[in-house]
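Undergrad: One structure coming up, written as structure tokens, with questions to follow.
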Amino acid sequence: MVIDSLENLTMYVSLHPRFPKAFNCLKKLDFSQLTKGKIIVDEDMYINVDEVSLRPVEEARYETHDEYIDIQIPLTANEKVGYIDRSLLGSPVEVREGKDIAFYDAPLATTLDLRVGSFVIFFPQDGHMPILGEGMTKKIVMKIRV
């Protein structure tokens, strides 16, 4: 897991062979003009622009992904994000076949502040509980095939 300011995004380009293309794509986006939906970058990468309600911890679960890395960027509101090492989660309580997502029932371990102007990268070993808080947010979730 990596969390940092967007101005430092390129410092992490060497962490994955697809990151140079992904970061270049993100740099070209006008965040203020994005509308809800899916943007296909190529066969190994896409962007979801989501408008969602932030939720209390009691309504959230940890999730993991095996096939994709997430880069999450809040656009309109700060959010909290739960984090835990996947090895501490145990067995999933729900796996959505074909959707690359598994959910876990586990208590909140660590909370991170994800602010507008920042990003977080979640790898397959990272259990994460996104969109915690109150109100609405618009965010980018870039999915990069492992």
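Under numbering that gives the first Met the number 0, read the sequence shown as residues 0 to 145, first letter to last. Don't be surprised by glycine CBs; every beta carbon is placed ideally from N, CA and C.
1. Ignoring anything shorter than 3 residues or poking outside the region 1-62, list the beta strand (DSSP E) runs there in chain order.
2. Under three-state DSSP, which class holds ARG85?
3. Going by DSSP, what residue range makes up the beta strand (DSSP E) through ASP65?
4. If I follow the unbroken beta strand (DSSP E) through PHE132, where does it start and stop?
5. Here's the rule: buried if 16 or more other CB atoms are within 10 angstroms of the residue's CB, otherwise exposed. What is ILE68?
6. Would the beta-carbon of PHE118 fall within 7 Å of that of ILE70?
7. Would you be able to state if there are at least three C-beta pairs under 8 Å between the region 47-61 and the region 125-135?
8. Can you tell me the Cα-Cα spacing of LEU111 and VAL80, whole angstroms?
TA: On the basis of the coordinates in this document:
1. 1-4, 36-41 and 44-52
2. helix
3. Taken as a continuous stretch (DSSP letters only), ASP65 belongs to no beta strand (DSSP E), as it is neither H nor E.
4. Correcting the residue type first, residue 132 is Gly in the shown sequence and not Phe. Counting along the chain, GLY132 falls outside any beta strand (DSSP E), and DSSP gives it neither H nor E.
5. That one is buried.
6. In this structure, PHE118 sits near ILE70, with a CB-CB distance shorter than 7 Å.
7. yes
8. Cα atoms of LEU111 and VAL80: separation of roughly 5 Å, rounded to the nearest angstrom.
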